[in-house]
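Only one structure is covered here, and it is reproduced in the block below.
In the working numbering, the protein residues as written are 361 to 526.
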């Protein structure tokens, strides 16, 4: 398997090594964040340098993660926005060949599984599909303000999701 870094993610370690370590943890039991941290504690572990091991610094970074969660929790009614959608002047760019996320955690699972494992397990595949439907609903809610700018996209989503329930 050839692993790549997902767009927008920064790693110090070669993504091939990251993928192999994660795959090894999955195949050896469970790939969880805690198990990945534990496997990386040793200074010679392949992913040791991906983590912040100074407790004071790590605590501050975690508070920043919490702050991001708090910031993402705030909502406002569209009618209260100070600008209209047309004033946003959106420009859509071409997307190159996409990569896909290899490890997924589903709401019903307490660990991450590879896309290979999920595709071979009906329960995990259905759980991922349920998460997909939730993400689509969240996407529609988040970007509903753009419905008039991207009517075909929203129409296509609505038609695709119509009658889909698991």
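A virtual CB, placed ideally from N, CA and C, is assigned to each residue, including glycine.
- Message: Checking 9 Å against the spacing of the C-beta atoms, do residue 373 and residue 424 come in under that value?
- Response: no
- Delimiting residues of the alpha helix (DSSP H) encompassing residue 498: 482–502
- Beta-carbon spacing of residue 488, residue 496 below 9 Å: no
- Message: Using the Cβ count rule (16 or more neighbours within 10 Å means buried), how would you classify residue 422?
- Response: exposed
- residue 510 (DSSP reduced to helix, strand or coil): coil
- Would you give the residue range spanned by the beta strand (DSSP E) that residue 529 belongs to? Residue 529 is absent from the model: the chain starts at 361 and stops at 526.
- Could you give the C-beta distance for residue 484 and residue 491, rounded to a whole number, given that I count them as a contact under 8 Å? About 11 Å; that fails the 8 Å criterion.
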